[in-house]
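Undergrad:
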Amino acid sequence: MVVRHSVQDLIRETGRFVIDGSMGTALEDKGANLNNALWTAAILCNQPELVKEVHLDYFRAGADCGITCSYQATIPGLMKQGMSEDAAEELIVKSVEIFREARDEWWNNKEKDNRSYPLCLAGIGPYGAYLADGSEYRGNYGISDETLRDFHKRRMELIWNAGADILLLETQPSLHEVLIEAELAENMNADYWISFSCRDGVHINEGDKIEDAVRMISHDHPHLRMVGVNCTKPEYIVSLIHEIQKGTDLPIAVYPNSGKQYDPTTKTWHGVPDQLSFGEYALRYYEAGATAVGGCCTTIAEDICDVKEARDRFCKTGSFQKIRNK
Numbered sequence: 046m047v048v049r050h051s052v053q054d055l056i057r058e059t060g061r062f063v064i065d066g067s068m069g070t071a072l073e074d075k076g077a078n079l080n081n082a083l084w085t086a087a088i089l090c091n092q093p094e095l096v097k098e099v100h101l102d103y104f105r106a107g108a109d110c111g112i113t114c115s116y117q118a119t120i121p122g123l124m125k126q127g128m129s130e131d132a133a134e135e136l137i138v139k140s141v142e143i144f145r146e147a148r149d150e151w152w153n154n155k156e157k158d159n160r161s162y163p164l165c166l167a168g169i170g171p172y173g174a175y176l177a178d179g180s181e182y183r184g185n186y187g188i189s190d191e192t193l194r195d196f197h198k199r200r201m202e203l204i205w206n207a208g209a210d211i212l213l214l215e216t217q218p219s220l221h222e223v224l225i226e227a228e229l230a231e232n233m234n235a236d237y238w239i240s241f242s243c244r245d246g247v248h249i250n251e252g253d254k255i256e257d258a259v260r261m262i263s264h265d266h267p268h269l270r271m272v273g274v275n276c277t278k279p280e281y282i283v284s285l286i287h288e289i290q291k292g293t294d295l296p297i298a299v300y301p302n303s304g305k306q307y308d309p310t311t312k313t314w315h316g317v318p319d320q321l322s323f324g325e326y327a328l329r330y331y332e333a334g335a336t337a338v339g340g341c342c343t344t345i346a347e348d349i350c351d352v353k354e355a356r357d358r359f360c361k362t363g364s365f366q367k368i369r370n371k
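For the sequence shown, our numbering assigns the number 46 to the initial residue and increments by one for each residue that follows.
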């Protein structure tokens, strides 16, 4: 029997919690080459020990939850690269197994000081991630509801049955797609959390206002535990938190990128991050009302250390103070 841990329990234990950072950037820092259609799923397949190391690094940095290396691990995507259907399904399950191994290793080695047992967030990307052309930052795929439903259903079942604590439907550009995914999760009686990708401080990438999107998704979806934003410019996040608060009372989670621009052709990030440190941004997000903060693309364990410092300072003082710059 799978024993799951809940977002609600983690909130009760911590007040505010810390999400981990980018899997892709952390893997690249360990020497992995991600310039392929499978992105981090290729490393999950060929160098799973590196994935485990990344999870451990984030636990040590202060993450109270972590995201499995499954964002780009889809059955059609893996089969397109030569895997059998059975092998593709096994690899998706493996993403949860590796996370759980890393979590238990860290927990049992007592590398903690009044820490909570980390949640396993099952990273589930949108259909646009499978296309591997940057569509998660645009949406508007032009495909049928049946195609979307078939694409998501089996992977969600596999990763939930493997023992994830919550399904994290992340980097979602499309309200329409999210409603289909939410229906699948509700039918599975699976707890889930929805994180949109956004074009500015008001709109998700496909164009809907995030206030309207969270209001719609929060209605009549009893297994939805959290909403928020990820892989979005950090300067948009405070505005997005305020917009989300207009549409729902659910707890809010944000994990932006560092502010660089993504090139879908080379699968690399370019430009200079914002002048503020990631820790300064994190403190502002907690002040604005976020329950959980972490990092997405181009963030690493050092950034999560800064988020933990920001969380601890917020919980201690409840007021904005400038913390260390990088």
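Glycine included, C-beta positions come from ideal geometry on N, C-alpha and C.
In this text, all values refer to a predicted model and were calculated from it rather than measured experimentally.
On the DSSP bridge list, what partners appear for H266?
TA: Its beta-bridge partners do not exist; DSSP assigns none.
Undergrad: Go ahead and pull the three-state DSSP assignment for K353.
TA: Taken through DSSP and simplified to helix, strand or coil, K353 comes out as helix.
Undergrad: Under the three-state reduction of DSSP, which class applies to C341: helix, strand or coil?
TA: coil
Undergrad: Quick one: grab the DSSP three-state call for N275.
TA: strand
Undergrad: May I have the straight-line CA-CA distance separating I255 from P296, to the nearest angstrom?
TA: 15 Å
Undergrad: Considering only the beta carbon of each residue, do G173 and G187 sit closer than 8 Å?
TA: no
Undergrad: Quick check: S345 and G66, are their CB atoms within less than 8 Å of each other?
TA: In the sequence as displayed, the identity of residue 345 is Ile instead of Ser. It is a contact, given that the beta carbons lie within the stated cut-off.
Undergrad: So, using beta-carbon positions, are P218 and E181 closer together than 8 Å?
TA: The Cβ atoms of P218 and E181 sit closer than 8 Å to each other.
Undergrad: Just curious, the alpha helix (DSSP H) that C90 is in, first and last residue?
TA: Looking at the DSSP string, the run of the alpha helix (DSSP H) that includes C90 is 85 to 91.
Undergrad: Under the three-state reduction of DSSP, which class applies to L214: helix, strand or coil?
TA: Strand at L214.
Undergrad: Report buried or exposed for T311, applying the criterion of at least 16 other Cβ atoms within 10 angstroms of its Cβ.
TA: Low confidence applies here, because T311 scores a pLDDT of 46, under 50, leaving its location unreliable; read the following figure in that light. When all chains shown are included, T311 counts as exposed.
Undergrad: Only counting the same chain, and skipping five residues up and downstream in sequence, which positions put a Cβ closer than 7 Å to that of G69?
TA: Excluding positions up to five away in sequence, the list reads L79, W84, T85, C342.
Undergrad: Using 8 Å as the cut-off, can you tell me whether the stretch 207 to 214 makes contact with the stretch 242 to 250, which would need three or more C-beta pairs spanning the two stretches below that distance?
TA: Verdict: no, contact absent.
Undergrad: Take C90 and list the residues in its own chain whose beta-carbon comes closer than 7 Å to its own, dropping the five residues that flank it on each side.
TA: L136
Undergrad: To the nearest angstrom, how far is the alpha carbon of V223 from that of T216?
TA: 10 Å
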